[in-house]
Amino acid sequence: MSMDFELLVRIFPEVLLDGIILGFMYALIALGYTMVYGVLEFINFAHSEIFIAGAFIGVEILLGLQGRGLLEGFPWPLVLLLALMAGMAASGLLAVTIERVAYRPLRAAPRLIPLISAIGVSFFLQDFIRLFESLWRNAFNLVYPSMDALNHRLELTATIDVSVKSLVVIVSALLMLWALHLIVNRTKVGTAIRAVAEDQAAASLMGIDVNRIIMGGQLIAVVPSRRVVVVVSSDVTLDDPNLGLMDTPTAQLGAEIARAI
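Residues 16 to 276 (my numbering) make up the sequence shown, in order.
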């Protein structure tokens, strides 16, 4: 019994650290759910799939660099920045397109209708990623290419060490949460987003372009989390089209807790 307790004490800090890293990922996804729900008042079930689409774009770029022998030739911050920017751009464009095609025409419909549309978009994105990867690489899943600099582990104590990529996830997530807080609470765009969330008709009468603000809210909801999506993918080492579906319940729970607070 004492042996088991000693083992628990020894491994608890590592398990806690892994939980913190995973929690930051869920927090970023939940933040996107909260922003979309606050403005449009429906749960965007496709949000996690947009998250995963950004991961696949970033990992595809890294695999392309690795196939050409360039992955080790460039500084790892530059390579990571390239993958992050590409994932952000692709995810933002995808989110704006989905809002324009699948959600905006249904804005005046009963709430159940856009909810069904969101579920349909979610399944469509999963199957599209699966189809594309099966044709492109003959595999559904992508194995994250190894970067030695990110895998380097820093020893914090005699029993606790942390990888560089885990630190990048934590720092990036904190920066993104802080940036979103400033955007929503300290800028004119954030004020317009809060006005639209409160009353779309009144916001429109005050001269706010509701369609543009809703599209901007979708963009803000998805783009910041893509900054860590490639690093998060590296932390789990494998990209799967179903990862978004598996993350959805936890992220929605986090979003509901955030709204309650």
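Every residue, glycine too, gets a C-beta built ideally from N, C-alpha and C.
In the DSSP assignment, find the unbroken beta strand (DSSP E) run with residue i in it and report its ends.
{"i": "S178", "result": "176-178"}
{"i": "L169", "result": "168-170"}
Quick one: what does DSSP say residue i is sitting in, helix, strand or coil?
{"i": "R119", "result": "helix"}
{"i": "L86", "result": "coil"}
{"i": "S106", "result": "helix"}
{"i": "D224", "result": "coil"}
{"i": "I44", "result": "helix"}
{"i": "I58", "result": "coil"}
{"i": "A236", "result": "helix"}
{"i": "T112", "result": "helix"}
{"i": "A212", "result": "helix"}
{"i": "S173", "result": "The question names Ser, but residue 173 is Ala in the sequence shown. Of the three classes helix, strand and coil, the one that applies to A173 here is coil, per DSSP."}
{"i": "A70", "result": "helix"}
{"i": "A124", "result": "coil"}
{"i": "T49", "result": "helix"}
{"i": "T206", "result": "helix"}
Excluding five sequence neighbours on each side, which residues of the same chain lie with their C-beta closer than 8 Å to the C-beta of residue i?
{"i": "V51", "result": "F57, I58, N59, H62, G232, Q233, A236"}
{"i": "V111", "result": "M230, Q233, L234"}
{"i": "N226", "result": "R119"}
{"i": "E213", "result": "none"}
On the CB-based measure, 16 or more other CB atoms within 10 Å of its CB, does residue i come out buried or exposed?
{"i": "K180", "result": "buried"}
{"i": "R274", "result": "Unreliable positioning characterises R274 in this predicted model, as indicated by a pLDDT of 49, which lies under 50. A coordinate reading is not provided."}
{"i": "L95", "result": "buried"}
{"i": "L22", "result": "exposed"}
{"i": "P125", "result": "exposed"}
{"i": "L157", "result": "buried"}
{"i": "F39", "result": "buried"}
{"i": "V54", "result": "buried"}
{"i": "P92", "result": "exposed"}
{"i": "T172", "result": "exposed"}
{"i": "E29", "result": "exposed"}
{"i": "A194", "result": "exposed"}
{"i": "A70", "result": "buried"}
{"i": "T282", "result": "The requested residue 282 is not part of the displayed model; the chain covers only 16 to 276."}
{"i": "F143", "result": "exposed"}
{"i": "A133", "result": "buried"}
{"i": "M16", "result": "Here M16 scores only 48 on pLDDT, less than 50, and its place in the model should not be relied on; the value that follows carries that caveat. Exposed is the call here."}
Leaving aside the five residues before and after residue i along the sequence, list all residues of the same chain whose C-beta is less than 7 Å from its C-beta, in chain order.
{"i": "D98", "result": "The sequence as given places Ala at residue 98; Asp does not occur at that position. For A98, where only same-chain residues beyond five positions count, the Cβ hits under 7 Å are G73, I76, L77, V245."}
{"i": "F20", "result": "none"}
{"i": "I113", "result": "A61, V136"}
{"i": "P36", "result": "The residue asked about is misnamed: residue 36 is Ile in this sequence, not Pro. Contacts found: S181, V184, I185, D250."}
{"i": "V204", "result": "I198, G231"}
Ends of the alpha helix (DSSP H) at residue i?
{"i": "P129", "result": "127-151"}
{"i": "S219", "result": "215-220"}
Note down, in chain order, each residue of its chain lying with its Cβ closer than 6 Å to the Cβ of residue i, except the 5 sequence neighbours on either side.
{"i": "A164", "result": "W91"}
{"i": "A207", "result": "I223, I228"}
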